[in-house]
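Visitor:
Chains as they are written, first to last, in this note's numbering: chain A, 7 to 174; chain B, 7 to 174.
1) Please identify, using Cβ separations under 8 Å, the residues of the segment 19-34 of chain B that lie next to chain A, in order along the chain.
2) Looking at chain E, is there any beta carbon in it that lies within less than 7 Å of the beta carbon of residue 131 of chain A?
3) Span of the alpha helix (DSSP H) holding residue 172 of chain B?
4) As a quick exercise: from B:131, B:156, B:28, pick the residue whose alpha carbon is nearest that of residue 170 of chain A.
5) In terms of residue numbering, what span does the alpha helix (DSSP H) encompassing residue 33 of chain B cover?
6) Interface residues of chain A around residue 55 of chain B at Cβ under 8 Å?
7) Strictly under 7 Å for the Cβ-Cβ distance: is residue 104 of chain B near chain A by that measure?
8) Taking residue 91 of chain B as part of the alpha helix (DSSP H), name the residues at either end of that continuous run.
9) Answer yes or no: do residue 93 of chain A and residue 91 of chain B have a C-beta to C-beta separation smaller than 7 Å?
10) If we define contact as Cβ-Cβ less than 7 Å, is residue 144 of chain A a contact residue for chain B?
11) Between which two residues does the beta strand (DSSP E) carrying residue 16 of chain A extend?
12) With 16 other CB atoms within 10 Å as the buried threshold, where does residue 159 of chain A fall?
13) If you run the structure through DSSP and keep just helix, strand and coil, what is residue 148 of chain A?
14) Return the residues of the segment 52-81 of chain B that lie within a Cβ-Cβ distance of less than 8 Å from chain A, sorted by chain order.
15) At least one CB of chain A closer than 7 Å to the CB of residue 155 of chain B: is that the case?
16) CB-CB under 8 Å to residue 53 of chain A, same chain, minus the five flanking residues each way: which ones, in chain order?
17) Can you find the residues in the same chain that come closer than 6 Å, C-beta to C-beta, to residue 9 of chain A, ignoring five residues on each side of it along the sequence?
18) Going by C-alpha distance, which of B:30, B:25, B:16, B:20 is nearest residue 7 of chain A?
19) Given residue 68 of chain B, which residues of its chain have a CB within under 7 Å of its CB, disregarding the five upstream and five downstream residues?
20) Would you kindly report the start and end of the unbroken alpha helix (DSSP H) that includes residue 122 of chain A?
21) Can you round the beta-carbon distance between residue 38 of chain B and residue 82 of chain B to whole angstroms, since I take them to be within the 8 Å contact cut?
22) CA-CA distance, residue 74 of chain B and residue 129 of chain B?
23) If you draw a straight line from the C-alpha of residue 98 of chain B to the C-alpha of residue 33 of chain A, how long is it?
24) Excluding the five sequence neighbours on either side, which residues of its own chain have a C-beta within less than 6 Å of the C-beta of residue 45 of chain B, listed in chain order?
25) Can you list the residues of chain A that residue 158 of chain B reaches, using a CB-CB cut of under 7 Å?
26) Name the one or two DSSP bridge partners that residue 115 of chain A has.
27) Quick check on DSSP: helix, strand or coil for residue 142 of chain A?
28) In whole angstroms, what is the alpha-carbon distance linking residue 102 of chain A and residue 19 of chain A?
29) Interface residues of chain B around residue 124 of chain A at Cβ under 7 Å?
30) Give the range of the beta strand (DSSP E) segment to which residue 80 of chain A is assigned.
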């Protein structure tokens, strides 16, 4: 719960590269996400190479965040493994969240990038990914050099007891 | 990481009801999920009432699982807060995963039910939820009376290094 509550999007990273053992932990967390019928519709491409990171940075208006990262994980929906578009998309969200939590738990910072999906074809081309893989997010990861804050709505605004309209 | 790795879907629950403090923890975990533009597109309806649980059980072929639970959390996408269908759907997945992890962390069992979406209009009617709320999942929760096992694909089957086709 501490990990869930204290995780924030980190958008600026230090120079230190991310150790392979930590990358393994993050990927393993993604792997263990739940999915409908346990179909595991995800594929990951891990990018550590600086030139590739630079190319991916060119695909988003948030290129500075990408450039600052030492590690990217591109997360794809594998169209060949789908069984239900909505449920598979939720499973990808669960998978990404597992990886964000894992990164935070080993003192890394990370941010879930979505704007880059506007240029998903270009990202696929850079990463040599086939059309059967649909880019769903790029996670930028590194050692945090900022403290970020965020807020959430109160439970009374989003939760109801027994029936809609009875604030929790 | 232990919580992520050891969580399993639990489909059979004991009679003990879930303490309110634990329900608060689960909802708070859902609340703290990330979402695009921090739009927090989720709404929850917490169901503890036995008659309502019975009615909801009638909406799925997995009614026995629902009946066995002492607590349901119906998770909705709030159409009035959407900004991008795919990203909002992933955010709901992240939110559900946070709640599943939180439940497991306080020794509860839970299962993410999806088949019930086939009768989402009926569930909305039972819970008095407006059409602006789209049912995305029902989480059934209680004290576990079974140990469940599951498996995942190896990382080499789902992860690639630098470019697609170079197994991690």
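Glycine included, every Cβ here is placed at the ideal spot set by N, Cα and C.
Guide: On the basis of the data shown:
1) 30, 31, 33, 34
2) Chain labels in this structure do not include chain E; the protein chains are A and B.
3) Position 166 of the second chain, counting from 1, holds the residue named residue 172 of chain B. Where residue 172 of chain B is concerned, there is no enclosing alpha helix (DSSP H), given that its DSSP letter is neither H nor E.
4) What you label residue 170 of chain A is simply residue 164 of the first chain in a count that begins at 1. For the residues B:131, B:156, B:28, the minimum Cα distance to residue 170 of chain A belongs to B:131.
5) Sequence index remark: in the second chain, residue 33 of chain B carries index 27 (1-based). First-last of the alpha helix (DSSP H) with residue 33 of chain B: 26-37.
6) Mapped onto the second chain, residue 55 of chain B falls at position 49. Per Cβ cutoff of 8 Å: 168.
7) Against the second chain, residue 104 of chain B aligns to sequence position 98. Yes - at least one Cβ of chain A is within 7 Å of the one on residue 104 of chain B.
8) The residue labelled residue 91 of chain B in the question sits at position 85 within the second chain. Note, residue 91 of chain B: alpha helix (DSSP H), 91-111.
9) Along the first chain, one-based indexing puts residue 93 of chain A at 87. Along the second chain, one-based indexing puts residue 91 of chain B at 85. In this structure, residue 91 of chain B does not lie closer than 7 Å to residue 93 of chain A by Cβ.
10) Locating residue 144 of chain A in the first chain gives position 138, counting from the first residue. By this cut-off, residue 144 of chain A is not an interface position.
11) The count along the first chain starts at 1 and reaches residue 16 of chain A at position 10. Per DSSP, residue 16 of chain A belongs to no beta strand (DSSP E) and is neither H nor E.
12) Taking the first residue of the first chain as 1, we reach residue 159 of chain A at position 153. When all chains shown are included, residue 159 of chain A counts as exposed.
13) As a position in the first chain, residue 148 of chain A is number 142, starting the count at 1. Strand.
14) 52, 53, 54, 55, 58
15) Residue 155 of chain B sits at position 149 when you count from the first residue of the second chain. By this cut-off, residue 155 of chain B is not an interface position.
16) Counting from one through the first chain, the residue named residue 53 of chain A turns up at place 47. 59, 62, 77, 78, 79, 80, 133.
17) The sequence position of residue 9 of chain A within the first chain is 3, counting from 1. Excluding positions up to five away in sequence, the list reads 107, 110, 111.
18) As a working mapping, residue 7 of chain A is identified with position 1 in the first chain. Measuring from the Cα of residue 7 of chain A, the nearest candidate turns out to be B:30.
19) For this step, residue 68 of chain B is matched to residue 62 along the second chain. 119, 121, listed in sequence order.
20) As a first step, residue 122 of chain A is located in the first chain; it is residue number 116 there, counting from the start. Where residue 122 of chain A is concerned, there is no enclosing alpha helix (DSSP H), given that its DSSP letter is neither H nor E.
21) Walking along the second chain from the start, residue 38 of chain B turns up at place 32. Walking along the second chain from the start, residue 82 of chain B turns up at place 76. Contact doesn't hold; Cβ gap of about 18 Å is too wide.
22) Here the question's residue 74 of chain B lines up with position 68 in the second chain. Here the question's residue 129 of chain B lines up with position 123 in the second chain. Computed Cα separation, rounded: 18 Å.
23) Counting from one through the second chain, the residue named residue 98 of chain B turns up at place 92. Counting from one through the first chain, the residue named residue 33 of chain A turns up at place 27. Cα to Cα, residue 98 of chain B sits roughly 21 Å from residue 33 of chain A.
24) As a first step, residue 45 of chain B is located in the second chain; it is residue number 39 there, counting from the start. 87, 89, listed in sequence order.
25) What you label residue 158 of chain B is simply residue 152 of the second chain in a count that begins at 1. Residues of chain A passing the Cβ test: 37, 38, 46.
26) Looking up residue 115 of chain A in the first chain gives position 109. Note: residue 115 of chain A sits in a beta bridge opposite A:148.
27) Taking the first residue of the first chain as position 1, residue 142 of chain A is located at position 136. If DSSP states are grouped into helix, strand and coil, residue 142 of chain A belongs with the strands.
28) Taking the first residue of the first chain as 1, we reach residue 102 of chain A at position 96. Taking the first residue of the first chain as 1, we reach residue 19 of chain A at position 13. Approximately 19 Å between the Cα atoms of the pair.
29) Along the first chain, one-based indexing puts residue 124 of chain A at 118. Simply none; closest approach about 10 Å.
30) Sequence index remark: in the first chain, residue 80 of chain A carries index 74 (1-based). Unbroken beta strand (DSSP E) run through residue 80 of chain A: 77-84.
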